[in-house]
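A.B. asks: Mind having a look at this structure? Questions to follow.
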Amino acid sequence: MGTVISLTVPAGAVPGIAGDGERELDATAAAVERVFARADETFSLYRPDSEASRLARGELSLRDSSAGMRDRYAEALSWRLMTEGSFSPERPDGVLDLSGIIKGHAIGQAGEALRSRGMTDWCLNAGGDVLVMGSPVPDSGASWAAGVVDPLDRSALLSAYGLGGPGTRRALATSGSAERGDHIWTAGCCGVEFAQVSVAAADIVTADVLATAIVAGGTAMLHRATDGWDVDVLAVRRTGELLATPGFRA
40 MGTVISLTVP AGAVPGIAGD GERELDATAA AVERVFARAD ETFSLYRPDS
90 EASRLARGEL SLRDSSAGMR DRYAEALSWR LMTEGSFSPE RPDGVLDLSG
140 IIKGHAIGQA GEALRSRGMT DWCLNAGGDV LVMGSPVPDS GASWAAGVVD
190 PLDRSALLSA YGLGGPGTRR ALATSGSAER GDHIWTAGCC GVEFAQVSVA
240 AADIVTADVL ATAIVAGGTA MLHRATDGWD VDVLAVRRTG ELLATPGFRA
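Be aware that the sequence shown starts at 40, since it is given in the working numbering, and climbs by one per residue.
Here is the structure:
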């Protein structure tokens, strides 16, 4: 996926036989890596041998693609309807590009892999999109603090948002041009309004999709997202002006 993935586990939070924690942690990290590798092999448009690349070249039809590909496409279509076109599974040239939804799914599946191995306290970060479980201090109820970088000054933080702990929001996703340049197509006529948008939600797919949709759809989509979903949003205009829901203002 062309991104850095990190897993943070508090000391003493690795299950297993006493003295065997390091081996278990290595096996857990390998399980997470396999999840992202499988997603990359299927959906990456940067890999010429992937299923997505074969679809883009016309060597494979969507009807003949894998069930996983068709399921994610159907889900992306439903998000296009819910966001009134601000999120789309196709590029302007018509090429199917599910990257706006696949990273969130991969993060969620990696979280399931962690839970299946008995991990109850962890923080998973994939390219700035974060999913957590439990607490950085096991059994304390403390939240994980996820920082949001200033898109106009990458050495500074705009905000820290508490994920997990006593709250229901376990996911934070950020979209914009600060890291990868302009790579999101706008739904309007006047260019990208926001330099960066961060969305906190109960699940990572919702956070990831809505962050992308707000960048693409501008203020209208920002209002639609905050009215229609239980989320917190921090949006940074290109001028540096901040728009924030109460969760971020706190």
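Cβ atoms here follow ideal geometry from the backbone N, Cα and C, with glycine treated the same way.
Small disclaimer: the values here were computed from a predicted structure and weren't measured.
#1: Can you have a look at Asp-178 and say buried or exposed, based on whether 16 or more other CB atoms are within 10 angstroms of its CB?
#2: Decide if the stretch 137-146 is in contact with the stretch 171-186; the criterion is three or more beta carbon pairs, one per stretch, under 8 Å apart.
#3: Taking Val-48 and Trp-183 to be in contact with their CB atoms under 8 Å, please state how far apart those CB atoms are, rounded to whole angstroms.
#4: Distance, Cα to Cα, Pro-205 vs Met-172?
#5: Between the C-alpha atoms of Asp-65 and Val-53, what's the straight-line distance to the nearest angstrom?
#6: Leaving aside the five residues before and after Glu-129 along the sequence, list all residues of the same chain whose C-beta is less than 8 Å from its C-beta, in chain order.
#7: Can you pull the DSSP bridge partners for Glu-61?
#8: Taking only the alpha-carbon atoms, compute the straight-line gap between Leu-281 and Leu-273 and give it to the nearest angstrom.
#9: What is the residue span of the alpha helix (DSSP H) that Val-248 lies within?
#10: Which same chain residues end up closer than 7 Å to Thr-42 when comparing Cβ atoms and leaving out the 5 residues on each side of it in sequence?
#11: With DSSP as the reference, label Trp-224 as helix, strand or coil.
#12: With the cut-off set at 8 Å, would you say Glu-232 and Thr-258 are in Cβ contact?
#13: In whole angstroms, what separates the C-alpha of Gly-256 from that of Arg-119?
#14: Ignore the nearest five residues each way along the sequence and tell me which others in Ser-117's own chain have a CB closer than 8 Å to its CB.
#15: If you draw a straight line from the alpha carbon of Arg-156 to that of Gln-148, how long is it in whole angstroms?
#16: For a test of the three-state rule: what should DSSP assign to Cys-229, helix, strand or coil?
C.D. replies: For this structure:
#1: Translated into the one-based positions of the sequence shown, residue 178 becomes position 139. Result: exposed.
#2: Result no; under three Cβ-Cβ pairs closer than 8 Å.
#3: Taking the sequence shown and counting its residues from 1, the one referred to as residue 48 is at position 9. Taking the sequence shown and counting its residues from 1, the one referred to as residue 183 is at position 144. Separation of the CB atoms of Val-48 and Trp-183 is rounded to 12 Å, and the pair is thereby denied contact status at 8 Å.
#4: Start at 1 with the first residue of the sequence shown, and residue 205 comes out as number 166. Start at 1 with the first residue of the sequence shown, and residue 172 comes out as number 133. Taking the straight line from one Cα to the other gives about 11 Å.
#5: The residue labelled residue 65 in the question sits at position 26 within the sequence shown. The residue labelled residue 53 in the question sits at position 14 within the sequence shown. Answer to the nearest angstrom: the Cα atoms are 10 Å apart.
#6: Here residue 129 corresponds to residue number 90 of the sequence shown, with the count starting at 1. In chain order, Leu-135 and Asp-136 place their CB closer than 8 Å to the CB of Glu-129, counting only its own chain and leaving out the 5 sequence neighbours on each side.
#7: Translated into positions along the sequence shown, residue 61 becomes position 22. Answer is none; Glu-61 lacks a bridge partner.
#8: Position 242 of the sequence shown, counted from the start, is the residue given in the question as residue 281. Position 234 of the sequence shown, counted from the start, is the residue given in the question as residue 273. Taking the CA atoms as reference points, Leu-281 sits about 7 Å from Leu-273.
#9: Position 209 of the sequence shown, counted from the first residue, corresponds to residue 248. That run of the alpha helix (DSSP H) goes 243-267.
#10: If you number the sequence shown from 1, residue 42 lands on position 3. Here the set comprises Ala-165 and Gly-166.
#11: One-based indexing of the sequence shown puts residue 224 at position 185. Only weak support exists for where Trp-224 lies, its pLDDT of 49 falling under 50; the value from the coordinates is given anyway. DSSP, reduced to helix, strand and coil, places Trp-224 outside both helices and strands of the structure shown, so it counts as coil.
#12: As a working note, residue 232 is residue 193 in the sequence shown. As a working note, residue 258 is residue 219 in the sequence shown. Glu-232 is a Cβ neighbour of Thr-258, given a cutoff of 8 Å.
#13: The residue given as residue 256 occupies position 217 in the sequence shown. The residue given as residue 119 occupies position 80 in the sequence shown. Separation of Gly-256 and Arg-119 (C-alpha to C-alpha, rounded to the nearest whole angstrom) is 11 Å.
#14: For this step, residue 117 is matched to residue 78 along the sequence shown. Residues of the same chain with their beta carbon placed closer than 8 Å to that of Ser-117 are lacking, with the five preceding and five following residues left out of the count.
#15: As a position in the sequence shown, residue 156 is number 117, starting the count at 1. As a position in the sequence shown, residue 148 is number 109, starting the count at 1. Distance between Arg-156 and Gln-148, taken at the CA atoms: about 13 Å.
#16: Mapped onto the sequence shown, residue 229 falls at position 190. With a pLDDT of only 47 at Cys-229, under the threshold of 50, the placement of this residue in the model should not be trusted; the figure read from the coordinates follows. The three-state reading of DSSP puts Cys-229 in coil, since its state is none of H, G, I, E or B.
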